[in-house]
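As structure tokens, the structure follows; a few thoughts come after it.
There are 2 protein chains.
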Amino acid sequence: MRPGAALTATQGAQAIAAGSLSSLQWVEDCLARIGEREPSVQAWHFLDPQHALEQARARDATRARGNALGPLHGVPVGVKDIIDTADMPTENGTVLHAGRRPQHDAAVVARLRAAGAVILGKTVTTECATYAPGKTRNPHDPTRTPGGSSSGSAAAVAAGMVPLALGTQTNASIVRPAAFCGVYGFKPSHGLIPRSGILALSRSLDTVGLFARGLDDIALLAETLIGFDATDPDAQTRARLPFVQTLRTEAPAAPRLAWVKTPVWARTDAPSREAFSQLCAQLGGACEEVIVHGVTTAAWDCHRTIMEAEMAANLVAEWEHGRERLSPSLQEQLARGREIRAFDYLQALTQVPRLIARVSDVLARFDAILTPATCGTAPPIDSTGDPAFGTLWTLCGLPAISLPLLRGADSLPLGLQLVGARGGDARLLQSARWLEERLHTA
Amino acid sequence: MRPGAALTATQGAQAIAAGSLSSLQWVEDCLARIGEREPSVQAWHFLDPQHALEQARARDATRARGNALGPLHGVPVGVKDIIDTADMPTENGTVLHAGRRPQHDAAVVARLRAAGAVILGKTVTTECATYAPGKTRNPHDPTRTPGGSSSGSAAAVAAGMVPLALGTQTNASIVRPAAFCGVYGFKPSHGLIPRSGILALSRSLDTVGLFARGLDDIALLAETLIGFDATDPDAQTRARLPFVQTLRTEAPAAPRLAWVKTPVWARTDAPSREAFSQLCAQLGGACEEVIVHGVTTAAWDCHRTIMEAEMAANLVAEWEHGRERLSPSLQEQLARGREIRAFDYLQALTQVPRLIARVSDVLARFDAILTPATCGTAPPIDSTGDPAFGTLWTLCGLPAISLPLLRGADSLPLGLQLVGARGGDARLLQSARWLEERLHTA
Numbered sequence: 020m021r022p023g024a025a026l027t028a029t030q031g032a033q034a035i036a037a038g039s040l041s042s043l044q045w046v047e048d049c050l051a052r053i054g055e056r057e058p059s060v061q062a063w064h065f066l067d068p069q070h071a072l073e074q075a076r077a078r079d080a081t082r083a084r085g086n087a088l089g090p091l092h093g094v095p096v097g098v099k100d101i102i103d104t105a106d107m108p109t110e111n112g113t114v115l116h117a118g119r120r121p122q123h124d125a126a127v128v129a130r131l132r133a134a135g136a137v138i139l140g141k142t143v144t145t146e147c148a149t150y151a152p153g154k155t156r157n158p159h160d161p162t163r164t165p166g167g168s169s170s171g172s173a174a175a176v177a178a179g180m181v182p183l184a185l186g187t188q189t190n191a192s193i194v195r196p197a198a199f200c201g202v203y204g205f206k207p208s209h210g211l212i213p214r215s216g217i218l219a220l221s222r223s224l225d226t227v228g229l230f231a232r233g234l235d236d237i238a239l240l241a242e243t244l245i246g247f248d249a250t251d252p253d254a255q256t257r258a259r260l261p262f263v264q265t266l267r268t269e270a271p272a273a274p275r276l277a278w279v280k281t282p283v284w285a286r287t288d289a290p291s292r293e294a295f296s297q298l299c300a301q302l303g304g305a306c307e308e309v310i311v312h313g314v315t316t317a318a319w320d321c322h323r324t325i326m327e328a329e330m331a332a333n334l335v336a337e338w339e340h341g342r343e344r345l346s347p348s349l350q351e352q353l354a355r356g357r358e359i360r361a362f363d364y365l366q367a368l369t370q371v372p373r374l375i376a377r378v379s380d381v382l383a384r385f386d387a388i389l390t391p392a393t394c395g396t397a398p399p400i401d402s403t404g405d406p407a408f409g410t411l412w413t414l415c416g417l418p419a420i421s422l423p424l425l426r427g428a429d430s431l432p433l434g435l436q437l438v439g440a441r442g443g444d445a446r447l448l449q450s451a452r453w454l455e456e457r458l459h460t461a
Numbered sequence: 020m021r022p023g024a025a026l027t028a029t030q031g032a033q034a035i036a037a038g039s040l041s042s043l044q045w046v047e048d049c050l051a052r053i054g055e056r057e058p059s060v061q062a063w064h065f066l067d068p069q070h071a072l073e074q075a076r077a078r079d080a081t082r083a084r085g086n087a088l089g090p091l092h093g094v095p096v097g098v099k100d101i102i103d104t105a106d107m108p109t110e111n112g113t114v115l116h117a118g119r120r121p122q123h124d125a126a127v128v129a130r131l132r133a134a135g136a137v138i139l140g141k142t143v144t145t146e147c148a149t150y151a152p153g154k155t156r157n158p159h160d161p162t163r164t165p166g167g168s169s170s171g172s173a174a175a176v177a178a179g180m181v182p183l184a185l186g187t188q189t190n191a192s193i194v195r196p197a198a199f200c201g202v203y204g205f206k207p208s209h210g211l212i213p214r215s216g217i218l219a220l221s222r223s224l225d226t227v228g229l230f231a232r233g234l235d236d237i238a239l240l241a242e243t244l245i246g247f248d249a250t251d252p253d254a255q256t257r258a259r260l261p262f263v264q265t266l267r268t269e270a271p272a273a274p275r276l277a278w279v280k281t282p283v284w285a286r287t288d289a290p291s292r293e294a295f296s297q298l299c300a301q302l303g304g305a306c307e308e309v310i311v312h313g314v315t316t317a318a319w320d321c322h323r324t325i326m327e328a329e330m331a332a333n334l335v336a337e338w339e340h341g342r343e344r345l346s347p348s349l350q351e352q353l354a355r356g357r358e359i360r361a362f363d364y365l366q367a368l369t370q371v372p373r374l375i376a377r378v379s380d381v382l383a384r385f386d387a388i389l390t391p392a393t394c395g396t397a398p399p400i401d402s403t404g405d406p407a408f409g410t411l412w413t414l415c416g417l418p419a420i421s422l423p424l425l426r427g428a429d430s431l432p433l434g435l436q437l438v439g440a441r442g443g444d445a446r447l448l449q450s451a452r453w454l455e456e457r458l459h460t461a
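Here the protein sequences line up with chains A and B, keeping their order. Mapping the first sequence onto this note's numbering, position 153 (from 1) lands on 172, and the numbers just tick up by one. Mapping the second sequence onto this note's numbering, position 37 (from 1) lands on 56, and the numbers just tick up by one.
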């Protein structure tokens, strides 16, 4: 592996700023790594090496002119192929959108470019960011799924093809592929990153998320992307969150973690239970098992009702003009979604503030919730795995991060998920940093 | 009529600040006026004269101590009985809520009290702010409706019982009673006034509105009530709108008015058409007839779908525990609402930004839209009148004001409605001031 492929974004951006690395060299190293690993991993839906190299040369030329550099100047980033790019196709993982060329960059892509990033290419998504798998395979074992729906982004980062990638989560599409691929996957609070220019499935649930190989990189990318945008109706107006600075600052006290088994805990496999039980023992007094009262399996039903009703409304053109070319599972989802009563949909939405209140009771007493990211390591390639461990937190719009700190009995990555209070995204990363250091030094 | 009953809020607040009037005297004059007119008008659902007088005495005592005074110090205000008051019952116009005593003031009531207002009493609403009339009669003719659903608020202001009153609009419940009763009725842009503590019918449509006998009073009250509140999920974060100052400032140029006949224009009666045709002729070049392309009767269907679906979800307890004590019309509405598909509801919501875009095309070229507030003067007491002239503007969340500047052939008030751009509330009042002066001097 050439040196550039091992760099984190933070290291590489510093090296570019210092003049000890060119963006061109870094992108060439990433392309070389892709050349080695792509035949097995298949993370990319669109990649034009010449266009990536041109962007890198332009970034280097900007630096050579002595211009001020953005925080991601020259850093290659992969972008999930449901996120619009004006200079590359965006095909949303469906043949119905084959050849689609957006006119404009999505808001997040515009922010990446403004920060100096090189958009390396478009990563594979499942069909319309739902359940039908794309071509990507798990970099740790090609017979296993990388998880979905942000399959290519997680796999590309895990395989060392790119230091950073963007994805989206409507159920578990960040935390699950991050867990299966053994990278960091961060889903911020709902409403912090604008979604304009991204395939809409569910306004209530869709959230942009990030993949990286370290917490510093997660903080750097989050700080670049988070911010108000009036074109997203759920965008929150709030002061800029200083992620990078917060992560450099030690927490005033060791965080207290609430070990929460939700109603889907029963789905975890035996090696996961063993790994989590050891983890909690290792954390000792810093971690306390907590029951979240009032959270029943009804929360998962609410999520499905909201997601399927909103998906049916958003994918109406696909249904009307080509549903026979959608996967059977997506056709069934849309057919169900079209029959949901507004009454049941709105009743499900009214459950959300009640669930947030229940979880907030815990987060008032603890710094973060510690919980599995998946029910085990990556299953075989024919599915993208059970999303149930992301559902509750996505429904509540809470920030969640999957940390690659555990291994399963099969020695594949096992994700550990930390969940924070809504808007407490920077504090969540601080707790994650503490946990990571605690486990490394233990 | 005693002098206090004729005062505007602006005049009275100035007199109190100057020491030439006491709040007690003003409230006594209002109570005397209520004594004269209430047997015929029946505007009040709850009125405790002693409690009103106590509040007035407390306001006078505050002033006597030399404390700083709020903008509504000592001003009596009527509050629609779907708006919670911690010191008075709030029964929402239904026997199902008889004896209901809220624990907390609604956000708008808290703002009124913080501004120094005296909450005079609770005004009659139709059943759950929908269509079944309450006991209130039109102050100009007791055989006619005052309009609904903010019946008591409009009638109380029109009858000189109180200078200011609060209402709400989900379809036409501010502009219609204002038009029928011959007062100013202002529905600001959706999201400017917080709705916490108010009976929720439809989050997408519910808007707090104001009644007064002059534009200065509308500006004074709007400036007091408008402002962000995190407890209303649709609250807009924006700088304070200086209504009072804007209204004192002459517009830089004479506003240009777009005379818009929507698809419901055909419902207007012949005297209304004649009055509007004369008005437009009188305005000459300041007013131009404009067709709003893309606005079809589908907008009215969208409104009904959204309103009835959201009402069914919000009034679920009333349906489950006492629907037989609701009016047949409300029972039918709720039964329809419960059967609406989420798909149709969400499709209706997606029409809204498109309609706003159509109307915004006009409002980019004109200062305001001029259009009828109702299809004619107040009809007989057995209905609250046709709401169709409020529907489109409520659906689009645009600010609208009904101005009592016309009379029908029966010499009853006929409302003229001005509609502004979303967020252009202060400019709308400025256009209204210009129009009022133009018609008075013509």
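Backbone N, C-alpha and C define an ideal beta-carbon position, used for all residues, glycine too. Keep in mind that this is a model prediction, so the values were computed, not measured.
Test: glutamate 329 of chain B CB closer than 8 Å to a CB of chain A: True, the Cβ-Cβ gap to chain A drops below 8 Å.
Considering arginine 426 of chain A, what are the terminal residues of the beta strand (DSSP E) in which it resides? Start and end: 419 to 426.
Counting Cβ pairs, one atom from each stretch, are 3 or more of them under 8 Å apart for the segment 331 to 340 of chain A and the segment 334 to 353 of chain B? These segments do not touch.
Ends of the alpha helix (DSSP H) at threonine 287 of chain A? Counting along the chain, threonine 287 of chain A falls outside any alpha helix (DSSP H), and DSSP gives it neither H nor E.
Counting along the chain, where does the beta strand (DSSP E) carrying valine 309 of chain B start and finish? For valine 309 of chain B, the enclosing beta strand (DSSP E) has its first and last residue at 306 to 309.
Please confirm whether leucine 374 of chain A has its beta-carbon closer than 8 Å to some beta-carbon of chain B. No - not a single Cβ of chain B is within 8 Å of the one on leucine 374 of chain A.
For aspartate 236 of chain A, the residue or residues it bridges with in DSSP: DSSP output for aspartate 236 of chain A lists no bridge partner at all.
Are three or more beta carbon pairs between the segment 398 to 409 of chain B and the segment 345 to 359 of chain B nearer than 8 Å? Contact fails: fewer than three Cβ-Cβ distances are below 8 Å.
Work out the CA separation of alanine 71 of chain B and arginine 84 of chain B for me, nearest whole Å. Rounded to whole angstroms, arginine 84 of chain B to alanine 71 of chain B spans 20 Å at the Cα level.
Can we say the segment 197 to 209 of chain B touches the segment 170 to 179 of chain B, given the rule of at least three CB pairs closer than 8 Å? Pairwise C-beta distances place the segment 197 to 209 of chain B in contact with the segment 170 to 179 of chain B, as three or more of them are shorter than 8 Å.
Exposure label - arginine 446 of chain B; buried when at least 16 CB within 10 Å: Residue burial annotation: arginine 446 of chain B is buried, with at least 16 other C-beta atoms found within 10 angstroms of its C-beta.
Residues in its own chain within less than 6 Å of arginine 355 of chain B by CB, not counting five upstream and five downstream? So the list reads Glu327, once near-sequence residues are dropped.
In its own chain, which residues sit with a C-beta less than 6 Å from the C-beta of glutamine 275 of chain B, not counting the 5 before and 5 after it? Inspection of the sequence shows that residue 275 of chain B is occupied by arginine rather than by glutamine. Excluding positions up to five away in sequence, the list reads Phe385 and Asp386.
For alanine 83 of chain B, the three-state DSSP class (helix, strand or coil): The DSSP-derived three-state label of alanine 83 of chain B is helix.
Quick one: give me the first and last residue of the alpha helix (DSSP H) that glycine 341 of chain A is part of. Counting along the chain, the alpha helix (DSSP H) containing glycine 341 of chain A begins and ends at 335 to 341.
Assuming threonine 104 of chain A and valine 128 of chain A form a contact by the criterion Cβ under 8 Å, report the distance between their Cβ atoms to the nearest whole angstrom. The pair is a contact, with the Cβ atoms about 6 Å apart (cut-off 8 Å).
Taking 8 Å as the CB-CB limit, is glutamate 351 of chain A close to chain B? Residue-level contact by beta carbon fails for glutamate 351 of chain A and chain B, as no gap is shorter than 8 Å.
Is the beta carbon of valine 279 of chain B sitting closer than 8 Å to the one on valine 371 of chain B? No, they are not a contact pair.
Go ahead and pull the three-state DSSP assignment for tyrosine 364 of chain B. Of the three classes helix, strand and coil, the one that applies to tyrosine 364 of chain B here is helix, per DSSP.
Endpoints, alpha helix (DSSP H) assigned at valine 127 of chain B: 126 to 133 is the extent of the alpha helix (DSSP H) around valine 127 of chain B.
Using DSSP bridges, identify the partner residues of glycine 228 of chain B. Answer is B:Gly186.
Assuming methionine 180 of chain B and arginine 21 of chain B are in contact, meaning their beta carbons sit under 8 Å apart, how far apart are those beta carbons, in whole angstroms? 12 Å between Cβ atoms; not a contact.
Hey, is the segment 60 to 71 of chain B in contact with the segment 206 to 221 of chain B, meaning 3+ C-beta pairs nearer than 8 Å? The segment 60 to 71 of chain B makes no contact with the segment 206 to 221 of chain B, as fewer than three CB pairs between them are under 8 Å.
Our contact map puts valine 114 of chain A next to glutamine 436 of chain A with C-beta atoms below 8 Å; I'd like the distance itself, whole angstroms only. A Cβ-Cβ distance of about 34 Å is found for the pair valine 114 of chain A and glutamine 436 of chain A, leaving them out of contact under the 8 Å criterion.
What's the call for serine 145 of chain B, buried or exposed, on a 16-neighbour Cβ count within 10 Å? Residue 145 of chain B is actually threonine in this sequence, not serine. Buried is the call here.
Best match in A:Ala28, A:His123, A:Gly167 and A:Asp248 for proximity to glycine 136 of chain A [C-alpha to C-alpha]: Looking at the sequence shown, residue 136 of chain A is not glycine but alanine. Comparing alpha-carbon positions, the option among A:Ala28, A:His123, A:Gly167 and A:Asp248 lying closest to alanine 136 of chain A turns out to be A:Ala28.
Measure the Cβ-Cβ separation of threonine 142 of chain B and valine 98 of chain B and say whether it is below 8 Å. Yes, they are a contact pair.
Within 8 Å, strictly: CB atoms of aspartate 444 of chain A and leucine 211 of chain A: Yes, Cβ-Cβ distance for aspartate 444 of chain A and leucine 211 of chain A is below 8 Å.
From the DSSP output, in three-state form, read off valine 137 of chain B for me. Strand at valine 137 of chain B.
Measuring CB atoms only, is the segment 420 to 428 of chain A touching the segment 279 to 297 of chain A, in the sense that at least three cross pairs come out at less than 8 Å? Yes: the two stretches touch, three or more of their Cβ pairs being nearer than 8 Å.
Examine chain B for any beta-carbon lying closer than 8 Å to the beta-carbon of isoleucine 359 of chain A, and answer yes or no. Interface flag for isoleucine 359 of chain A against chain B is set, since a Cβ pair is found closer than 8 Å.
Return no unless some Cβ of chain B is closer than 8 Å to the Cβ of alanine 62 of chain A. No, alanine 62 of chain A lies away from the interface with chain B (no Cβ there is under 8 Å from its Cβ).
Below 8 Å, can you find three or more Cβ-Cβ pairs linking the segment 295 to 313 of chain A to the segment 182 to 190 of chain A? Not touching, per the Cβ criterion.
Identify the contact partners of glutamine 366 of chain A in chain B, using a Cβ-Cβ distance below 8 Å as the criterion. For glutamine 366 of chain A, the residues of chain B that pass the 8 Å Cβ criterion are Ala332 and Val335, in the order they occur in the chain.
Under 9 Å Cβ-Cβ, which residues of chain A neighbour phenylalanine 65 of chain B? Against chain A, a Cβ distance below 9 Å from phenylalanine 65 of chain B picks out nothing, because the smallest value is about 29 Å.
Where do the ends of the beta strand (DSSP E) carrying proline 391 of chain A lie? For proline 391 of chain A, the enclosing beta strand (DSSP E) begins and ends at 387 to 391.
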